[in-house]
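Under UniProt numbering, the first residue of the sequence shown carries the number 1, and numbering increases by one thereafter.
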Amino acid sequence: VVILQNFKWYDFVFRMHKLYNGTHLSVENVSSRSVQSIEVEEITGSGSIYLQADGEHLGFLPRKFYILPSAIELIH
């Protein structure tokens, strides 16, 4: 999971290329965590926070996600 903390809209615009080219962890206030599950909900109550993962549009919050071990076969 990649976590963006205290990002303003312009921070995202100026640093978006790093999020997509794999250098995002060098950006200040960006971190990552390994998880088995995650629940994402908004704290503003606006009901308009759109979610995407790995370029796929997933809809609006709240959402729960689970990692399924061995669900994807990787080529070594």
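All residues carry an ideal CB built from backbone N, CA and C; glycine is no exception.
Close beta carbons around residue i, own chain, < 6 angstroms, minus the five adjacent residues each side
{"i": "N29", "result": "Q5, N6"}
{"i": "S37", "result": "Y66"}
{"i": "I3", "result": "S31"}
{"i": "R15", "result": "V27"}
First through last residue of the alpha helix (DSSP H) which encompasses residue i
{"i": "K18", "result": "9 to 21"}
Residue i: first and last residue of the uninterrupted beta strand (DSSP E) it sits in
{"i": "Q5", "result": "Premise fails: Q5 is in no beta strand (DSSP E) and is neither H nor E."}
{"i": "S37", "result": "37 to 40"}
{"i": "S32", "result": "30 to 32"}
{"i": "residue 111", "result": "Within the shown structure, residues of the chain are numbered from 1 to 76, placing residue 111 beyond reach of any answer."}
Integer Cβ distance of residue i from residue j, believed to fall under 8 angstroms
{"i": "L51", "j": "V35", "result": "Actually they are not in contact, since the Cβ atoms of L51 and V35 sit about 16 angstroms apart, beyond 8 angstroms."}
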